[in-house]
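**Q** I have a structure here, written as structure tokens, and I will follow up with some questions on it.
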Amino acid sequence: MITNLVNILFFCQDGHWFPPVVIDEQPDVPVWNPVLFKLPSQELLLFYKVGQEVQKWSECMKRSYEKGVTWTEREQLPPSILGPSKNKFSYSMINIDRLHQMLVYSGRSVDKVCTSESNDGGHNWDNVKPTELLNPNSGIDRVKLRDGRVLLAYNTISRGVLKVALSTNDGDSWDEVLTPEENLEMELSYPVVIEDSDGLIHITYTYDRTQIKKITFAACHTSTELIRDSCPYHPVKLKVNWQPMFLIPMYKHL
């Protein structure tokens, strides 16, 4: 979907979206792939592309010091800086400790989620290892929960099946725990997952490339439970919100 606008949607506490606010626009020129990032200082950075063709894209950025209410003027990134391409990278990093990290990404040649580990802060990496999780070379995302478990959102046999898996050992093994949605005639892909300050897990994903769907659920403290009646952490809760696909650039940290 092509648009010459970059829009921001605000989500309020009662589960509704406010109307979109135009952050930037360029007449007759597409504005592409908005990516939001939150700094530890609470400053928001909005990266996006402007231009008709990928080879001629102009990389731009705006800043907000008021949680997205107001934004600075457009800044041009240096010619050698591309900025984020879309959402986030197609792989996800698990920080096990200061130097030990694990890279999780979709494997093009083996149709599985793959991992690689580094023990020197990312300077060198082990050989790629496929996991037991099937993946049709589609986008994945992960978050390390505050209790130490790792949650992964991914497609399995096709982009019409969205799955959630949990790991209790920093990605060495995984348990499939949830199928948020399955429809082999549609595309349910490019998941983005975060854990908010209340411990709720939010996943957004493409709904047939025309809309974005959002689900919210609780993670029990037991090793592999999600959305269970016996969960003492939060009551069973499943929220679904719909908006046109290109309007919601999801940022990683709440």
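Residues 1 to 254 (UniProt numbering) make up the sequence shown, in order. All C-beta atoms in this analysis are idealised placements derived from N, C-alpha and C, irrespective of residue type, glycine included. None of these values were measured; they are calculated from a predicted model.
1) Is it buried or exposed, S173, if we count other Cβ atoms within 10 angstroms and call 16 or more buried?
2) Please list the terminal residues of the continuous beta strand (DSSP E) segment that includes R63.
3) Give every residue of the same chain whose Cβ lies closer than 7 Å to the Cβ of T131, excluding the five residues on either side of it in the sequence, and list them in chain order.
4) Under a Cβ-count criterion, where at least 16 other Cβ atoms within 10 Å of its own Cβ denotes burial, should K56 be classed as buried or exposed?
5) Is it buried or exposed, L39, if we count other Cβ atoms within 10 angstroms and call 16 or more buried?
6) Under the DSSP definition of a beta bridge, which residues are partnered with I157?
7) Are the CB atoms of R149 and S167 nearer to each other than 8 Å?
8) Would you mind stating whether L152 and R142 have Cβ atoms separated by less than 8 Å?
9) According to DSSP, which residues form a beta bridge with I140?
10) Give the secondary structure of V29 by DSSP, where H, G and I count as helix, E and B as strand, and everything else as coil.
11) Name the residue from L82, E59 and V22 whose alpha carbon lies nearest to the alpha carbon of E75.
12) The beta strand (DSSP E) spanning L45 covers which residue range?
13) Taking the straight line between their C-alpha atoms, what separation do you get for I212 and K163?
14) Using a threshold of 8 Å, state whether the C-beta atoms of S106 and I140 are closer than that.
15) Taking the straight line between their C-alpha atoms, what separation do you get for T179 and P34?
16) With a threshold of 8 Å on Cβ separation, who are the neighbours of E73 within its own chain once the five nearest residues in sequence on each side are excluded?
17) The beta strand (DSSP E) that contains V128, what's its start and end?
18) Can you tell me whether V54 is helix, strand or coil according to DSSP?
19) If you follow the beta strand (DSSP E) that T179 is in, where does it begin and where does it stop?
**A** Result, derived from the coordinates:
1) exposed
2) S58 to S64
3) For T131, the CB contacts under 7 Å within the same chain, skipping 5 residues up- and downstream, are K112, V113, C114, T115 and W174 in chain order.
4) exposed
5) Classification for L39: exposed.
6) For I157, DSSP assigns no beta-bridge partner whatsoever.
7) It is a contact, given that the beta carbons lie within the stated cut-off.
8) Contact flag set, yes.
9) I140 pairs with nothing; no bridge assigned.
10) coil
11) E59
12) L44 to V50
13) 16 Å
14) Their beta carbons are under 8 Å apart, which means S106 touches I140 by this criterion.
15) 28 Å
16) Hits under 8 Å: K62.
17) Unbroken run through V128: none, as it is neither H nor E.
18) helix
19) D175 to E182
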